[in-house]
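Report on one structure; see the data block that follows.
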Amino acid sequence: MAADNELNLCSICSKLSAKSFCTGCKKYFCRKDFKEHEEQLLIRFDNEIVRSHDELLDLIQKLEKSNYLSLHVFDQIEQWKKTTINKVKKAAEKVQHELIQLAEN
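With the numbering used here applied, the sequence shown covers 7 to 111.
Structural data, given as structure tokens:
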């Protein structure tokens, strides 16, 4: 904030009544322009928050989809394993049965 005896120009309208100082952009403003500057910063901040929220939500959805796909792949692998084990068991039982029949004859 400017000292009371210091005269600063508003960075928007160039009035000598600029007593408000923005620490972010390092500029002086008259009351009216400072209020508008503050509103613009709030809008920009809100937009950045919404954008960050949307990006985070998108990332979460991608991770959930990836997790779902991983679980689906694991389920498929488990099903393949069971099917393969059953086929091997049936083949082994068939060979054992044939071997028993050969031994009996």
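Positions of the beta carbon are idealized from the N, C-alpha and C atoms, including for glycine. These figures come from a predicted structure and were not determined experimentally.
Along the segment 13-89, the beta strand (DSSP E) occurs as fully enclosed runs of 3 or more residues at 26-28, 33-35, listed in sequence order. Burial state of Ala-24 is buried, judged by a 10 Å Cβ sphere holding 16 or more other Cβ atoms. Straight through space, the alpha carbons of His-43 and Leu-69 are spaced by roughly 39 Å. Burial of Asp-39 is indicated by the presence of at least 16 other C-beta atoms within 10 angstroms of its C-beta. When only Cα atoms are considered, Glu-99 and Leu-63 end up about 53 Å apart. Counting only the Cα atoms, Cys-36 lies some 7 Å from Lys-21.
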